[in-house]
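Protein chains in written order, with our numbering: chain A, -2 to 479; chain B, -2 to 479.
Heads up, the beta-carbon is just placed ideally off N, CA and C, and yes, glycines get one too.
All remarks here apply to the structure that follows.
Written as structure tokens, this is what we have:
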């Protein structure tokens, strides 16, 4: 009992959020019961039990008739035995028991159930029957995420039902990206990847068989959560008739508030069978989807990394007022690659006025190229970058900056990242291309990203990120002439 | 003198290679003189001096009239003072002195000069005059790489004129990839990147102003060097009339021996100005280039990482006899993404025969999908992968394998990499998709790559690599029906 109260004490706070909808309670419950909690470390229930006991900033109640107390933490026989109010229940019991425990949750007045348990409609007829029984019980009396899902990850309050142990799946730091994933395994791999790359994914959710809560509602919730600055969606297909229309309507609304980046897998006819066997969803005809997504103002990604490349920029950069890009580089070759990549995306690399070039030429070494790309060559120094940034970025000739810094060049130091971060004051988007593997490179990149400047390991990726900013700027109507 | 002989002793061997052309001496000289050698650590000459003294497995002579002896290593006033035969000279003197020292090299009987020095035709009229003077002196009496280049990196014998210090540019391990780069800075960044990613780039070269040795000759040399299994070219443009035709002819010949992967930057009209200011080359009309490269049998990359993604597979995998891909996955979502990516590249994911699926179903858990993609789901174990690989890969239904292993799933261990490596015995190409950031992921990936199985962090990158193998298989005529 002592350990229990300690646990509860150490995480009570947080509940400053005003609770306005059941989905608020999905992500920000004040109290959570784990039904199927267990001390067995590497089981699904065990990982969730450990996650919530050690990290969740709210009250946790463990429910499992097999235990009375483990390591001083009390176990309840049933959720009905808990005296206090319980906002949310995480359900990790065998499929046949799910209807019964959900019924108990309803009787207890629990508002949201996250049903992790699999073995329902996804396994065939027997499971489908169980899921139908569950549906009959639920009927608007409780909100349900899942079943057959990996649930919710909230880096802000430690609510984490992702049942992969920490040594297998890193947890990303709190940050402005929210993820809605059609696939639990893909969501887990993304979080692990984001954690290592220091990308702040504050909220993530997978909805499994989608008995109740769906993509549209999750989008609506994230649109209202001010901690979220960009929403990434991984989609394979839709399940129910009419869902697509509703989803597109919601997307259109949400996009007026914050950007949505969608990666739709299952684009090809060849993949439609695989989509069906994966989540019983219909991949749909991508040729029809594509223009509709575009019309809804969604930014489409071509793969998972592409989605996060764009999300990083959308989450951190101001929107450009036009499509003209200033390129500063210490490598002519990387400058050329960047012009190609920007041009292919419809962005411009305008030549600078003669008078502006004259100002640059006076300060830069004779070999430097001042047209744009501004090539500082292998003789580049931090100070040259600073001079060019401060001289050109605030002018009306350019709307955003793509800065290439090959840190192999000995004239550059980590201090360059400070100059780049300082250039945020011009309120124009800035992205950086860095390429290499030495420790200067890593330090440089980390410092930039920690200070709101996204870094890319290839010019085409940086160009795509600037394109996304420009696309969203057009949608929001901030571009001159749009 | 003692330190000098010690240095020489520690690196004499290597010269087992039969010297058949001056370009052999460019990459495999028995002895090298550094003209402009210096003990000043971070200068261009200093880095090269240190590189060669500490790593080169051959004789090194230091030439600089300013010094007699530093740390027990003798300096010569002029190369003419060296008594022994000198195969190659690395020249790092101010531009105006270059013609004179090259003349001395010729008189000394040196076969190849790597002229690192810049300040020649690339800086304007004055420099162009110097370069013309140099051209008159050279006239077939000595072979010249450069001027204005970063020179040669040979991981096999330690010949390394890349003048970026080790803490700024990692050096890749010896390996089957050779790099020909139009840009010195890009070459340096690639090596640094490859070193960190453990990609074996055994040989790399940048030819700078291309006074003499050009791409075509370097290709011919790499075609003959049996340590090279794939050649990566980074190109921006060509300089001299008629060069393109010659280069394409050589490419066609080389491709019959080993694959060439080309990334051509400066594709867009927008970039042509930047190409001109970078290396005084003409970007050329890419719309004309593209089909010609294709006709020559070259495999085209869309960016630098793409080039190395494909090179990794071409350097390690056997060629497929058809375009049918077996997909094994522990994530339905990743399977779907892979089908999309393969289908977009014209590769097939054939459904397996009912009898083969029956065999699989008997051994795999009921939730596994056996059609192809074979989805082992989150319950996957190493043994299931091994069973599917051993059962399906040797059959005549498939020509290659794309294996997806999300190592977030606790049922998988590092041992899975052993099973995958063992499947090389079926003599069909295998590539692996891994996604995430935890240490299991890193160990798994390293073990695979060290044992000749290329790993990719996204399905579309793995699909592109398989496509490259299939393309090259068609060129080599090993595909059934081609």
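Minimum C-alpha distance to residue i - residue among the options
i: residue 499(A); options: 166(A), 99(A) and 172(A); result: An answer regarding residue 499(A) cannot be provided, because it is not within the stretch -2 to 479 covered by chain A.
i: residue 229(B); options: 260(B), 373(B), 407(B) and 121(B); result: 260(B)
i: residue 283(A); options: 234(A), 404(A), 275(A) and 245(A); result: 234(A)
i: residue 401(A); options: 454(A), 358(A), 77(A) and 20(A); result: 454(A)
i: residue 463(A); options: 426(A), 194(A), 124(A) and 76(A); result: 426(A)
i: residue 440(B); options: 410(B), 449(B) and 108(B); result: 410(B)
i: residue 236(B); options: 436(B), 280(B) and 197(B); result: 280(B)
i: residue 120(A); options: 271(A), 104(A) and 145(A); result: 145(A)
i: residue 468(A); options: 51(A), 350(A), 331(A) and 294(A); result: 294(A)
i: residue 175(A); options: 327(A), 158(A) and 196(A); result: 196(A)
i: residue 249(A); options: 271(A), 223(A), 217(A) and 225(A); result: 217(A)
i: residue 465(A); options: 277(A), 125(A), 314(A) and 330(A); result: 314(A)
i: residue 64(A); options: 74(A), 460(A), 395(A) and 55(A); result: 74(A)
i: residue 172(A); options: 158(A), 166(A), 164(A) and 151(A); result: 151(A)
i: residue 224(A); options: 415(A), 198(A) and 212(A); result: 198(A)
i: residue 332(B); options: 255(A), 267(A), 288(A) and 133(A); result: 267(A)
Neighbourhood of residue i by C-beta distance below 6 Å, restricted to the same chain and skipping five residues each side
i: residue 477(B); result: 318 and 319
i: residue 371(A); result: 325 and 385
i: residue 15(A); result: In this prediction, residue 15(A) scores a pLDDT of 47, lower than 50, which makes its location untrustworthy; no coordinate-derived value is stated.
i: residue 376(B); result: 362
i: residue 6(A); result: Unreliable placement is indicated for residue 6(A), whose pLDDT of 40 sits below 50; the coordinate value is still reported in the next sentence. The answer is none, since no qualifying residue turns up.
i: residue 309(B); result: 451
i: residue 336(B); result: 346
i: residue 312(A); result: 173, 174, 226 and 227
i: residue 12(A); result: Only weak support exists for where residue 12(A) lies, its pLDDT of 39 falling under 50; the value from the coordinates is given anyway. Answer for residue 12(A): 27, listed in chain order.
Cross-chain neighbours of residue i in chain A, by beta carbon under 7 Å
i: residue 370(B); result: 271
i: residue 233(B); result: 330 and 333
i: residue 501(B); result: Residue 501(B) is absent from the structure shown; chain B starts at -2 and stops at 479.
i: residue 364(B); result: 120
Close Cβ partners of residue i (< 8 Å) along its chain, the five nearest in sequence each way excluded
i: residue 392(A); result: 353
i: residue 433(B); result: 403, 404 and 405
i: residue 10(A); result: Per-residue confidence for residue 10(A) stands at a pLDDT of 36, beneath the threshold of 50, marking its modelled position as unreliable; no derived number is given.
Neighbour list for residue i in chain A, Cβ cutoff strictly below 8 Å
i: residue 164(B); result: 435, 436 and 437
Proximal residues of chain B, C-beta to C-beta of residue i below 7 Å
i: residue 392(A); result: Within chain B, no residue comes near residue 392(A); the closest Cβ sits about 20 Å away, beyond 7 Å.
i: residue 375(A); result: 182
i: residue 192(A); result: 434
Neighbourhood of residue i by C-beta, 7 Å cutoff - its chain only, sequence neighbours within 5 removed
i: residue 160(B); result: 41, 44, 45, 113 and 147
i: residue 298(A); result: 258, 259, 260, 304 and 307
i: residue 448(A); result: 418
i: residue 102(B); result: 76, 86, 110 and 139
i: residue 446(A); result: 195 and 452
i: residue 61(B); result: 33, 34, 35 and 72
Chain B contact residues for residue i, given Cβ-Cβ distances below 8 Å
i: residue 262(A); result: 330, 333, 334 and 337
i: residue 405(A); result: 161, 165, 166, 182, 185, 186 and 189
i: residue 302(A); result: 454 and 455
Whole-Å CB distance - residue i paired with residue j, under 8 Å assumed
i: residue 344(A); j: residue 475(A); result: Incorrect: roughly 16 Å between the Cβ atoms, too far for contact.
i: residue 130(A); j: residue 96(A); result: 5 Å
i: residue 328(B); j: residue 183(A); result: 6 Å
i: residue 482(B); j: residue 428(B); result: In the structure as shown, chain B starts at -2 and stops at 479, and residue 482(B) therefore has no counterpart that could be examined.
i: residue 29(A); j: residue 57(A); result: 6 Å
i: residue 482(B); j: residue 128(B); result: The displayed coordinates of chain B run from -2 to 479. Any statement about residue 482(B) would go beyond what the structure contains.
i: residue 192(A); j: residue 168(A); result: 6 Å
Neighbour flag for residue i against chain D, beta carbons, 8 Å
i: residue 464(B); result: Checking the listed chains, one finds no chain D in this structure; the protein chains it contains are A and B.
Interface partners of residue i on chain A, CB under 9 Å
i: residue 340(B); result: 264, 265, 266, 267 and 268
Partners in chain B for residue i, counting only beta-carbon separations shorter than 9 Å
i: residue 209(A); result: Those within 9 Å of residue 209(A) in chain B number zero; the least Cβ separation is about 22 Å.
i: residue 282(A); result: Simply none; closest approach about 14 Å.
task: List in chain order: all unbroken beta strand (DSSP E) runs of 3+ residues lying wholly within the stretch 278 to 339 of chain B.
output: Here the runs fully enclosed are 296 to 298 and 322 to 326.
3-residue-minimum beta strand (DSSP E) runs that sit fully inside the stretch 344 to 402 of chain A, ordered along the chain: Fully enclosed beta strand (DSSP E) runs of no fewer than 3 residues occupy 397 to 401 of the stretch 344 to 402 of chain A, in order along the chain.
Ranges of the alpha helix (DSSP H) found wholly within the stretch 206 to 286 of chain B, counting only runs of at least 4: Annotation note: the stretch 206 to 286 of chain B contains the following uninterrupted alpha helix (DSSP H) runs of length 4 or greater, listed N- to C-terminal: 212 to 221, 240 to 252 and 266 to 276.
Complete beta strand (DSSP E) runs within the stretch 88 to 160 of chain A (minimum length 3 residues, chain order): Residue ranges of uninterrupted beta strand (DSSP E) with 3 or more members, entirely inside the stretch 88 to 160 of chain A and ordered along the chain, are 109 to 112, 140 to 142 and 148 to 151.
task: Quick one: which unbroken beta strand (DSSP E) runs of 3-plus residues sit fully inside the stretch 15 to 82 of chain A? Chain order, please.
output: DSSP runs (the beta strand (DSSP E)) wholly in the stretch 15 to 82 of chain A: 28 to 32, 56 to 60 and 70 to 73.
field: Length-filtered (3 minimum) beta strand (DSSP E) runs lying within the stretch 406 to 460 of chain B
entry: Given a length threshold of 3 residues, each whole run of the beta strand (DSSP E) inside the stretch 406 to 460 of chain B is given here in chain order: 427 to 430.
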